[in-house]
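Undergrad:
Residue numbers (the numbering used here): 64 to 289.
1) Considering only their Cβ atoms, is the gap separating residue 161 from residue 200 smaller than 7 Å?
2) Beta carbon of residue 196, beta carbon of residue 208: below 7 Å?
3) Is residue 287 helix, strand or coil by DSSP?
4) Could you give the residue range of the alpha helix (DSSP H) that holds residue 61?
5) Could you tell me which of 194, 159 and 124 sits nearest to residue 96, measuring between CA atoms?
6) Run through DSSP, which three-state label would residue 135 get?
7) From the DSSP output, in three-state form, read off residue 141 for me.
8) Kindly give me the distance between the Cβ atoms of residue 237 and residue 192, rounded to whole angstroms, as I take these residues to be in contact under 8 Å.
9) In this structure, does DSSP put residue 109 in helix, strand or coil?
10) Taking the alpha helix (DSSP H) that residue 119 belongs to, which residues open and close that run?
11) Closest to residue 224 by C-alpha separation, out of 205, 92, 210 and 194, would be which residue?
12) Measure from the alpha carbon of residue 176 to the alpha carbon of each residue in 187, 153, 188 and 228, then state which is nearest.
13) Cβ of residue 155 within 7 Å of Cβ of residue 101?
14) When DSSP labels each residue in this structure, what does residue 101 get in the three-state scheme?
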């Protein structure tokens, strides 16, 4: 092996190394460029969504339905407009990350985000179920409370809150079941809670009607003695 052959092999290796390094550098630059463009588009999309929703007074309409208050209680955000713009911005960022990972051939990241994106519709459906339960529970509670006040019935507030809690709990269980988290466990929890509520109600009625039952039995046995 002479000097020319050695120099040719060395130059070939360096050329291959340089080409590989250049490919990696180009991929890195392309990934960074995709992320930068994705961040810009995400901010633009969020800003445009806010302007459109504010223009149609979306928050005012949802506030009348009580959705804004529910969003605050759940810590989702100060308004539905904020939530929608936030979700839209992050959806664009996630998509940019997936594209950048494809350029870098990091298919594990792509699979991870793909599974997460596939899970989002299920999560969204569960959130809708929970929101629907909260709204319907509040509606039914208000109807019962107002009806009790109009007819001068006692215990209307307690019954309205009990109905509200039951509807919300039932919808929460449906939302959890929709997510696929231990369906049998959810069913067992529902059965236990319903049985506990029935037992508590029975004990409460029994204790509350103790005097009435005593009077009834006393009168009954008194008549038999006569």
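Note that beta-carbon positions come from the ideal geometry of N, C-alpha and C, so glycine has one too.
This one's a predicted model, so the numbers in the text were calculated from it and none came from an experiment.
TA: Well, looking at it:
1) no
2) no
3) For residue 287, the predicted structure reports a pLDDT of 48, less than 50, and the residue's modelled location is therefore unreliable. A value from the coordinates is still provided. Note: residue 287 maps to helix in three-state DSSP.
4) Since the first residue shown for the chain is 64 and the last is 289, residue 61 is missing from the structure and cannot be characterised.
5) 159
6) helix
7) coil
8) 5 Å
9) helix
10) Taken as a continuous stretch (DSSP letters only), residue 119 belongs to no alpha helix (DSSP H), as it is neither H nor E.
11) 205
12) 153
13) yes
14) helix
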